[in-house]
Amino acid sequence: MAIDNWKSMQAPIATIAEIGKHEGQTVTVRGWLYNLRESGKLLFPIFRDGTGLIQGVIAKNAVPAEVFDAVKGLTQESSVIVEGKVRADKRAPGGYELDVNNVQVVQRVSESDPYPITPKEHGVDFLMERRHLWLRSPRQAAILRVRAEIIKAARDFFDERGFTLTDPPILTPAACEGTTTLFPVDYFEEQAYLTQSGQLYIEATAMALGKVYSFGPTFRAEKSKTRRHLTEFWMVEPEVAYAGLDDVMELAEGLICFLVKRCLERRLSDLQTIGRDLAKLQKIEAPFPRITYDEAVKMLQDAHAKGALESNFEWGGDLGSPDETYISSQFDKPVMVHRYPAKVKAFYMEPDPQRPDLALCVDVLAPEGYGEIIGGSQRMASYDLLVQRIHQHGLPEEAFKWYLDLRKYGSVPHGGFGMGIERAVAWICGLEHVRETIPFPRMLHRLYP
RNA sequence: UCCUCAGUAGCUCAAUGGCAGAGCAUCCGGCUGUUAACCGGAGGGUUGUAGGUUCGAGUCCUACCUGAGGAGCCA
Numbered sequence: 060m061a062i063d064n065w066k067s068m069q070a071p072i073a074t075i076a077e078i079g080k081h082e083g084q085t086v087t088v089r090g091w092l093y094n095l096r097e098s099g100k101l102l103f104p105i106f107r108d109g110t111g112l113i114q115g116v117i118a119k120n121a122v123p124a125e126v127f128d129a130v131k132g133l134t135q136e137s138s139v140i141v142e143g144k145v146r147a148d149k150r151a152p153g154g155y156e157l158d159v160n161n162v163q164v165v166q167r168v169s170e171s172d173p174y175p176i177t178p179k180e181h182g183v184d185f186l187m188e189r190r191h192l193w194l195r196s197p198r199q200a201a202i203l204r205v206r207a208e209i210i211k212a213a214r215d216f217f218d219e220r221g222f223t224l225t226d227p228p229i230l231t232p233a234a235c236e237g238t239t240t241l242f243p244v245d246y247f248e249e250q251a252y253l254t255q256s257g258q259l260y261i262e263a264t265a266m267a268l269g270k271v272y273s274f275g276p277t278f279r280a281e282k283s284k285t286r287r288h289l290t291e292f293w294m295v296e297p298e299v300a301y302a303g304l305d306d307v308m309e310l311a312e313g314l315i316c317f318l319v320k321r322c323l324e325r326r327l328s329d330l331q332t333i334g335r336d337l338a339k340l341q342k343i344e345a346p347f348p349r350i351t352y353d354e355a356v357k358m359l360q361d362a363h364a365k366g367a368l369e370s371n372f373e374w375g376g377d378l379g380s381p382d383e384t385y386i387s388s389q390f391d392k393p394v395m396v397h398r399y400p401a402k403v404k405a406f407y408m409e410p411d412p413q414r415p416d417l418a419l420c421v422d423v424l425a426p427e428g429y430g431e432i433i434g435g436s437q438r439m440a441s442y443d444l445l446v447q448r449i450h451q452h453g454l455p456e457e458a459f460k461w462y463l464d465l466r467k468y469g470s471v472p473h474g475g476f477g478m479g480i481e482r483a484v485a486w487i488c489g490l491e492h493v494r495e496t497i498p499f500p501r502m503l504h505r506l507y508p
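Adding 59 to a residue's 1-based position in the first sequence gives its number in the numbering used here.
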């Protein structure tokens, strides 16, 4: 069947996800052949259409010979349009089967160059090299649907609370924080960089609009090589005028609860396809445990004394990955660690008035060892102190002139946080690695496809 | 950048220093309820690259390449 003759089926089109609504009716399903089992004069093709899988049944004596022959020996991932009657069947994984009465093969995959991803085991490198095809696997498609739901839920959460979406630039003239490595870009013979955070810019839009958020890609040229890192990832960052650290923590807690609840409500079958332990997600509700950095340090030192942690933690350093894993393992909800030493944190964080050596900041650590999914703080409101910090961090004051203006013209206490979408998706889906949470991950050793 | 591990058929893996193999995939044949279907048969290899040790290297040694896991850094 030619590709330009793909609209000849007469029965109404149905999606596999909603096939149950058509029980007893004849429908058209447009998709691909996922797998084929043969048993003599019976064929069991499994079709997928992007919404789910359904097994078809074709008996040789029940259909015209050309229909049977078109499916017999058909290759995996050939595109097909099938017409058949929906029948409830307890033996079928989805509850329904399709008694096929007509088939159009839109494009037959050549048997001399078969679809490379079989329903068997494959290694990570093989699958990553074929990421454009791997996305067709039921598990990968389910993850992408959960990702889309999390993004939509995050935007709904802020939109419903009076936040305005304000998009910061992706091309920036200088380092936002100065510490991490940036991707350089030639901008009409001027040096520019891909953004590593929209935060400084949304502080400006927050002063204009009150409550704002950004949602977009960010880039880090760090040579990180772990299951938690991508060089290109997406962040949602709220920023609120007249907000303190407690407000920031409450907002972060509310967002996470909202996201988890929404996924359980709307993407339950996808979470089941992925194999997520749902009981662990059902425990996620406010309030989350809040511990100070001082308390976290004591937990880590006690853990070392008991032999539960290899290295002994000294007050003053940033929490390492094994430290975060240990702390989060002590709770079955996300844990909020606040008030880190100012010297290990970014220059723009407001000092704690009670203890000026501490910053009014918070990291939210996801349970089950997923580590930091949110980092936030109250921002420094004083012009003079901010100038001092910029110099202390060795940053060029000239590049931050506009940012300092925000403290000259009606400075107010304000704060916000950034949530890494991929880390949130990895945690909610229970994945081993963030590379499966984005259609085409960009990593230290991965720029293709 | 550092530490650890891996690289053998299209894929996933096996092979004590002694004939390079299995399952799946592909092709041929069989099977009217298969569930990663099964049964029989066929084709399929420069063992990551370059050197070295040895009568003999997939296996041991050296260097390099590629990838994975972790550290640091971070979301």
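Glycine included, each C-beta is placed from N, C-alpha and C at the ideal position. If you're wondering where the values come from, they're calculated on a predicted model, not measured in any experiment.
His-191 is classed as exposed because its beta carbon has fewer than 16 other beta carbons within 10 Å across all chains shown. Counting along the chain, Val-122 sits inside no beta strand (DSSP E), nor does DSSP assign it H or E at all. In the three-state reduction of the DSSP assignment, Thr-110 falls in the coil class. Annotation for Ala-425: the continuous beta strand (DSSP E) segment containing it runs 420-425. When C-beta atoms of the segment 112-125 are compared with those of the segment 180-188, fewer than three pairs fall below 8 Å, so the two segments do not count as touching. Secondary structure within the segment 276-333: the alpha helix (DSSP H) runs of 4 or more consecutive residues, fully enclosed, are 304-325, 327-333 (chain order).
When only Cα atoms are considered, Pro-415 and His-450 end up about 18 Å apart.
When DSSP states are grouped into helix, strand and coil, Tyr-260 belongs to the helix group.
Here Ser-256 is buried, its C-beta having at least 16 other C-beta atoms within 10 Å. Secondary structure note for Glu-219: its alpha helix (DSSP H) is the uninterrupted segment 197-219. Per DSSP, reduced to three states, the secondary structure at Phe-459 is helical.
Following the DSSP letters along the chain, one finds Arg-190 inside the alpha helix (DSSP H) bounded by residues 190-193. When rounded, the separation of the alpha-carbon atoms in Lys-339 and Glu-296 is 26 Å.
In terms of Cβ geometry, Ile-432 and Leu-289 do not form a close pair [threshold 8 Å].
Apart from sequence neighbours up to five positions away, the residues of its chain that approach Ile-487 with a beta-carbon distance below 6 Å are Cys-322, ordered along the chain.
Listed as beta-bridge partners of Ala-147 by DSSP are Tyr-155. Annotation: Tyr-429 to Asp-306 spans about 24 Å, alpha carbon to alpha carbon. Each residue's CA atom was taken as its position, placing Leu-318 and Arg-326 some 11 Å apart.
Linking Thr-87 to Thr-110 through their CA atoms gives a straight-line distance of about 14 Å. In this structure, the alpha-carbon of Ala-483 lies about 14 Å from that of Phe-274.
Setting aside the 5 residues that flank it on each side, Pro-500 is surrounded in the same chain by Leu-289, Arg-494, each with a C-beta closer than 6 Å to its C-beta; the list follows chain order.
Taking all protein chains in view, the Cβ of Leu-419 is crowded by 16 or more other Cβ atoms within 10 Å, so the residue is classified as buried. Per DSSP, Trp-91 is one residue of the beta strand (DSSP E) stretching across 85-98. Between Arg-107 and Ser-137, the beta carbon gap of about 12 Å keeps them out of contact (Cβ cut-off 8 Å).
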